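K.L.:
Attaching a single structure in structure tokens format; questions to follow.
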Amino acid sequence: MGFVTATADRLTIRNFIETVGIFRTLSSSGFRRFSTYRQATVAATATNTMFGFVRTYVMLAVAGSAVAAGGQVAGYDAPQLVTYVWAGQGLIGVVALWGWTELADRIRSGDVVTDLLRPVHPVLGYLLPDLGRAAYALLTRFVVPVAVGGLVFDMYLPQRAATYPLFAASVLLAVLVCFAGRFLVNAAGYWLLDTRGVLMGWAVCAGMLGGLYFPIRFLPDGLAAAVYLGTPFPSVLQIPLDVLVERDPPAGQLGLLGIQALWAGLLLTACVLVQRRAERRLVVQGG
Amino acid sequence: MNVIEAHGLRKDFTVRVRKGLLRRESRAVAAVDGVDLTVRRGELLGYLGPNGAGKSTTLKMLTGVLHPSGGTVAVCGLTPVPQRIQLARRIGVVFGQRSQLWWDLPLGDSYELLRHIYRVPAAEHAARLRRCRDLLELDPFLDTPVRQLSLGQRMRGELTAALLHGPEVLFLDEPTIGLDVVSKQAVRGFLAELGATGDTTIVLTTHDLADIERLCRRIVVIDHGRVVHDGGIDALHARYGSQRRVVVDFDTAPAAVPTLPGVHLEATAGPRLTFTLDGTASVGALVSALSALGGLRDLAVTEPEIEEVIARLYRS
Amino acid sequence: MAEPSTLAIYRRLVAAQVRSQASYRASFALDLVSNVVFLGADLLAVLVVFYRVPVLGGFSLTDTLLVFGLSSLGFSLADLTVGNIDKMSRHVRTGLLDAVLIRPLGVLWQLLVLDVGVRRLGRVCSGVVVLVIAVRLAEVPVTPANLLLLVVTPLAGAVFFSAVFVATATVAFWWVDSGELTAALTYGGRDFTSYPMTVYGGWFRHLLAFGLGFGFVAYYPALVLLDRPDPLGGPAWLGWCGPLLAAVAAALAALVWRTGVRQYRSTGS
Ligand SMILES: Nc1ncnc2c1ncn2[C@@H]1O[C@H](COP(=O)(O)OP(=O)(O)O)[C@@H](O)[C@H]1O
Ligand SMILES: [Mg+2]
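Protein chains in written order, with the numbering used here: chain A, -5 to 281; chain B, 284 to 599; chain C, -16 to 252.
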């Protein structure tokens, strides 16, 4: 069974071209849709910037207190922490850490049934526009905080050329992991009347264990390793940021990407399975 | 006594139009453009107009939600915006697309809350609620959370909510929008009854001409924010040249057709002739002229449709 | 201000809201828990930082916890009572505001009770616990003056944050999609006030601590409680300025709100 059910029967070149067309259309629809939410984008970017300042000063104070250790804290020095904070604020919008309730809303209103009528697998039908949305956010919500941070503070720039493509790959994987997580949390709406609590649980975990409030490496080493491997949250923010500030040597960066890829595969599979369950439920109960 | 008195009422909105990628232009749009409206106590007024004509905006100014950009307005002798709270106790409002009920609570709970919000004496409240329960058949779903009500049930619930404090004026903005035929009839029947008592003045905006024909003796039609008609339905017909139509079938197509003042031959199709008659022309005169020709087999007169009248009015 | 029966009406409206929210039982419980966890997350951030360094901006963990406790109790009280006003944009868009405007009650009060965040009660409770622990750990001397300051500061902080909530939410009258902007000064302000002002530098500190008044929410009162001179050179009486500042902020917020409603009435959006 393929993602695109219209082409699931046989993969011919024509089908393939059609599929690529659907992919392009869907993902650019996400881009265009979000580019119309200009006020919201400006508001969110301003908020990210405000938090960027607060967190940067806290992190600079932390680095300042650690002069004994050569100004390094858990393997980050001051400029690295600055980059960490600002790029982190920028990535919130790119991965859409919080606030995505579209699926839950559609489940509640019953509109979700129409998803089944489209020739695209529902998971893909949400994922592709989300990629378009992420691309738009990258150009707006990522660029602005990083630029502000770079103007005001002394930021760390990657020293190795290979870091840039690695970071790009890591961000893409982060978007996938975050999307899958959000999809699953929203899909709880198939079984729960009100998903606010679950959404909130996701927001807490994603923020705290994702490395938004503090880098997870600040935790005792064993605990940090457990969080990296045992939960998907670092894959959403922490890992791309680690890659960007070159917290680890190239091999370490690749290992981190591996963790992300693992989680992305795992969670997306879970999405497909949950969706199948939900569809059966929809068909049986008629919504 | 006039319950509503508005003179030269206007409302300008500033709309930003996107011109190109970054440039935007602000433009003032007159949503309501000098409306004069007086409504007597006990009247049931139909406020009619195409989409975007300014109906909702007028209602919002009359109820104290928006303040007018110009003109004067008094409802129950009060100026809506500055005296909003006093006015709120004396009017009831139903906005068709939005609810003023508590979404997650049983319908009955909303009524209890509204009793306290409007400070209605318990006995009075109970009496009004009983009446609404009977007339609108609320009992089957009084204990159902509002979110689980069908649109028709909810609208009946909204109507009740707007009436429990015994308002002198009831404003209804498209109360039958989206309802099925049965619910529409229930709402109309209820409003007709309410209007018949003559205690409550009702202002009803609608798209649905059946609402108007069934309920309102007076209609005000607005278009582009201006009143284009104010009067009875008959006056509307007379003014906008409503045309009755006479269709006659002969055995064989007649050689000559009579000409009478105000009568036009609209179409000939073999032995069938179709005439249109202006408001003043007499059907009787036409019929006798036609029967004088001989060979008249069948004849039908169709009254003008209000839909047609309104459509013509909007177009003009 | 409000006559007793008006208060009674609002009490009923709040009770109705509690019933509404409790009707989603599983979610309500989870919500309550997440709110406790949320505070836990903020607290954890402070603890984790001190796991790595012994002092932050010249303040020890116990001293910082006192600042944190004062700030978060004040904030969570505000969040409980007026926090949902950050849904202003939605109220404007869905037309709920129109429904509120046709009722014979104050607009702001109605909006506040319409969706009072009962589930945020968890955060207030844990805020109290954190503050009590911080006071014990920091060995704040038990004097009448200190006790008074300990009660007054979170209340003044609550009023101050409420004013910030209302004032920023009002932006929605001009700028419908401003939703997240509110968070910059509310949640952002809470984060800012959670640490000693010595952490921040330059114009940013001056702007937020003095320009907007966030310095008086927790930092200056904490200095008085700790009986410490201000490393930034401020006099000790600044610690008692919280209530005054809260009053000024509330008055300004009321003004902004009124302007906002007037604006709504003339633009309808
Ligand atoms: N808040 C607003 N801002 C700008 N324009 C508005 C606003 N509300 C209504 N309008 C415009 O005013 C006109 C009248 O609207 P409305 O009163 O809602 O019409 P109706 O209810 O008759 O369909 C429309 O052109 C509409 O687009
Ligand atoms: Mg309308």
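Just so you know, even glycine gets a beta-carbon here, dropped at the ideal spot from N, CA and C. Bear in mind the structure is a predicted one, so any value in this text is a computation, not a measurement.
Just verifying my parser: in three-state terms, what is the DSSP assignment at residue 226 of chain A?
P.N.:
Sequence index remark: in the first sequence, residue 226 of chain A carries index 232 (1-based). Coil, per DSSP.
K.L.:
Taking residue 67 of chain A as the query, report the chain C residues whose CB atoms sit under 8 Å from its CB, ordered along the chain.
P.N.:
As a position in the first sequence, residue 67 of chain A is number 73, starting the count at 1. The answer, in chain order, is 35 and 36.
K.L.:
Please tell me whether residue 157 of chain C has its Cβ less than 7 Å away from any Cβ of chain A.
P.N.:
As a first step, residue 157 of chain C must be located in the third sequence, where it is residue number 174. No, residue 157 of chain C lies away from the interface with chain A (no Cβ there is under 7 Å from its Cβ).
K.L.:
Hey, is residue 9 of chain A close to ligand 1, as in C-beta under 6 Å from one of its heavy atoms?
P.N.:
Sequence index remark: in the first sequence, residue 9 of chain A carries index 15 (1-based). Checking the Cβ of residue 9 of chain A against ligand 1 gives no.
K.L.:
Apart from the five residues on each side of it in sequence, which residues of its chain come closer than 8 Å, Cβ to Cβ, to residue 23 of chain C?
P.N.:
As a working note, residue 23 of chain C is residue 40 in the third sequence. The residues are 109.
K.L.:
Report the residues of the region 49 to 64 of chain A with a CB closer than 7 Å to any CB of chain C, ordered along the chain.
P.N.:
Answer in chain order: 51, 52, 55, 56, 59 and 60.
K.L.:
Report the residue from B/507, B/576, B/577 and B/572 whose alpha carbon sits nearest the alpha carbon of residue 335 of chain B.
P.N.:
Reading the second sequence from its first residue, position 52 is the one you call residue 335 of chain B. Nearest option by C-alpha distance: B/507.
K.L.:
Only counting the same chain, and skipping five residues up and downstream in sequence, which positions put a Cβ closer than 6 Å to that of residue 556 of chain B?
P.N.:
The sequence position of residue 556 of chain B within the second sequence is 273, counting from 1. The residues are 531.
K.L.:
Grab the span of the beta strand (DSSP E) containing residue 505 of chain B for me, first residue to last.
P.N.:
Position 222 of the second sequence, counted from the first residue, corresponds to residue 505 of chain B. Segment 501 to 506, the beta strand (DSSP E) holding residue 505 of chain B.
K.L.:
Are the C-beta of residue -13 of chain C and some C-beta of chain B separated by less than 7 Å?
P.N.:
Numbered from 1 along the third sequence, position 4 holds the residue referred to as residue -13 of chain C. Unreliable placement is indicated for residue -13 of chain C, whose pLDDT of 47 sits below 50; no coordinate value is reported for it.
K.L.:
May I ask whether a heavy atom of ligand 2 can be found less than 6 Å away from the beta carbon of residue 294 of chain B?
P.N.:
As a first step, residue 294 of chain B must be located in the second sequence, where it is residue number 11. Every heavy atom of ligand 2 is 6 Å or more from the Cβ of residue 294 of chain B, so no.
K.L.:
Tell me the residue span of the alpha helix (DSSP H) that contains residue 582 of chain B.
P.N.:
Along the second sequence, one-based indexing puts residue 582 of chain B at 299. Segment 579 to 585 is the beta strand (DSSP E) holding residue 582 of chain B; no alpha helix (DSSP H) there.
K.L.:
Cα-Cα, which of A/38, A/234 and A/125 is closest to residue 167 of chain C?
P.N.:
Translated into the one-based positions of the third sequence, residue 167 of chain C becomes position 184. Residue 167 of chain C has its Cα closest to that of A/38, out of A/38, A/234 and A/125.
K.L.:
Since residue 601 of chain B and residue 379 of chain B are thought to touch, with beta carbons under 8 Å apart, how far apart are those beta carbons, to the nearest angstrom?
P.N.:
Nothing can be reported for residue 601 of chain B: it is not among the residues displayed for chain B, which extend from 284 to 599.
K.L.:
What does DSSP give as the partner residues of residue 294 of chain B in its beta bridges?
P.N.:
By one-based count along the second sequence, residue 294 of chain B stands at place 11. According to DSSP, residue 294 of chain B bridges with B/315.
K.L.:
Strictly under 7 Å for the Cβ-Cβ distance: is residue 7 of chain C near chain A by that measure?
P.N.:
As a working mapping, residue 7 of chain C is identified with position 24 in the third sequence. It does; some Cβ of chain A falls within 7 Å.
K.L.:
At what residues does the beta strand (DSSP E) containing residue 487 of chain B begin and finish?
P.N.:
Residue 487 of chain B sits at position 204 when you count from the first residue of the second sequence. Start and end: 484 to 489.
K.L.:
What separation, rounded to the nearest whole angstrom, lies between the Cα atoms of residue 450 of chain B and residue 503 of chain B?
P.N.:
Sequence index remark: in the second sequence, residue 450 of chain B carries index 167 (1-based). Sequence index remark: in the second sequence, residue 503 of chain B carries index 220 (1-based). Distance between the alpha carbons of residue 450 of chain B and residue 503 of chain B: 22 Å.
K.L.:
Indicate the three-state DSSP secondary structure (helix, strand or coil) for residue 115 of chain A in the structure shown.
P.N.:
Counted from its first residue, the first sequence places residue 115 of chain A at position 121. Looking at residue 115 of chain A - three-state DSSP - the assignment turns out to be coil, as it is neither helix nor strand.
K.L.:
Are any of the Cβ atoms in chain B nearer than 7 Å to that of residue 87 of chain C?
P.N.:
The residue given as residue 87 of chain C occupies position 104 in the third sequence. Yes, because at least one Cβ of chain B sits closer than 7 Å to the Cβ of residue 87 of chain C.
K.L.:
Within the 7 Å Cβ cut-off, does residue 593 of chain B reach chain C?
P.N.:
Within the second sequence, the letter at position 310 stands for residue 593 of chain B. Answer no: the Cβ-Cβ gap between residue 593 of chain B and chain C never drops below 7 Å.
K.L.:
Applying the criterion that 16 or more other CB atoms from any shown protein chain within 10 Å of the CB defines a buried residue, is residue 252 of chain A buried or exposed?
P.N.:
Indexing the first sequence from 1 puts residue 252 of chain A at position 258. By the neighbour-count rule (16 or more Cβ atoms within 10 Å), residue 252 of chain A is not buried but exposed.
K.L.:
What residues come near ligand 2, if near means a beta carbon less than 7 Å from any of its heavy atoms?
P.N.:
For ligand 2, the selected residues are B/338, B/339, B/456, B/457 and B/488.
K.L.:
Answer yes or no: the CB of residue 162 of chain A versus the heavy atoms of ligand 1, is any distance below 6 Å?
P.N.:
Here the question's residue 162 of chain A lines up with position 168 in the first sequence. Not so, every heavy atom of ligand 1 lies at least 6 Å from the Cβ.
K.L.:
Taking the alpha-carbon positions, what's the residue 568 of chain B to residue 544 of chain B distance?
P.N.:
Start at 1 with the first residue of the second sequence, and residue 568 of chain B comes out as number 285. Start at 1 with the first residue of the second sequence, and residue 544 of chain B comes out as number 261. C-alpha separation (whole angstroms): 10 Å.
K.L.:
Can you find a C-beta in chain A that's less than 7 Å from the C-beta of residue -16 of chain C?
P.N.:
Translated into the one-based positions of the third sequence, residue -16 of chain C becomes position 1. Reliability fails at residue -16 of chain C, whose pLDDT of 41 lies under 50, so the model's placement of it is uncertain and no value is given.
K.L.:
Between the Cα of residue 80 of chain A and those of A/232, A/270 and A/29, spot the shortest distance and give me the residue it belongs to.
P.N.:
Position 86 of the first sequence, counting from 1, holds the residue named residue 80 of chain A. If we check each option's Cα against that of residue 80 of chain A, A/232 comes out closest.
K.L.:
On the criterion of 16 or more Cβ atoms from any shown chain inside 10 Å, does residue 204 of chain C qualify as buried, or is it exposed?
P.N.:
Taking the third sequence and counting its residues from 1, one reaches residue 204 of chain C at position 221. With 16 or more Cβ atoms within 10 Å of its Cβ, residue 204 of chain C is classed as buried.
K.L.:
Give me the DSSP bridge partner(s) of residue 288 of chain B.
P.N.:
Within the second sequence, residue 288 of chain B is the residue found at index 5, counting from 1. In the DSSP output, where bridge partners are listed per residue, residue 288 of chain B has B/321 and B/357.
K.L.:
Given this structure, state the Cα-to-Cα distance separating residue -16 of chain C from residue 124 of chain C, to the nearest angstrom.
P.N.:
Stepping through the third sequence from its first residue, residue -16 of chain C is reached at position 1. Stepping through the third sequence from its first residue, residue 124 of chain C is reached at position 141. In this prediction, residue -16 of chain C has a pLDDT of 41, which is less than 50 and means its spatial position is unreliable; nothing more can be read from the coordinates.
K.L.:
Taking residue 151 of chain A as the reference, which of A/40, A/78, A/130 and A/18 has the closest Cα?
P.N.:
Position 157 of the first sequence, counted from the first residue, corresponds to residue 151 of chain A. Ranking the options by Cα distance to residue 151 of chain A, first place goes to A/78.
K.L.:
Does the CB of residue 313 of chain B have a neighbour CB from chain D at under 7 Å?
P.N.:
Looking for chain D here will not work: the only protein chains present are A, B and C.
K.L.:
Given a cut-off of 7 Å, decide if residue 87 of chain A and residue 131 of chain A are closer than it, judged by their beta-carbon atoms.
P.N.:
Walking along the first sequence from the start, residue 131 of chain A turns up at place 137. Walking along the first sequence from the start, residue 87 of chain A turns up at place 93. Yes, they are a contact pair.
K.L.:
Could you tell me which chain C residues have their CB closer than 7 Å to the CB of residue 192 of chain A, listed as they occur along the chain?
P.N.:
Indexing the first sequence from 1 puts residue 192 of chain A at position 198. Per Cβ cutoff of 7 Å: 13.
K.L.:
Indicate whether residue 200 of chain A and residue 265 of chain A have their beta-carbon atoms separated by less than 7 Å.
P.N.:
Taking the first residue of the first sequence as position 1, residue 200 of chain A is located at position 206. Taking the first residue of the first sequence as position 1, residue 265 of chain A is located at position 271. No.
K.L.:
Hey, does residue 51 of chain C have any beta-carbon neighbour from chain A nearer than 7 Å?
P.N.:
The sequence position of residue 51 of chain C within the third sequence is 68, counting from 1. No, its Cβ sits nowhere closer than 7 Å to a Cβ of chain A.
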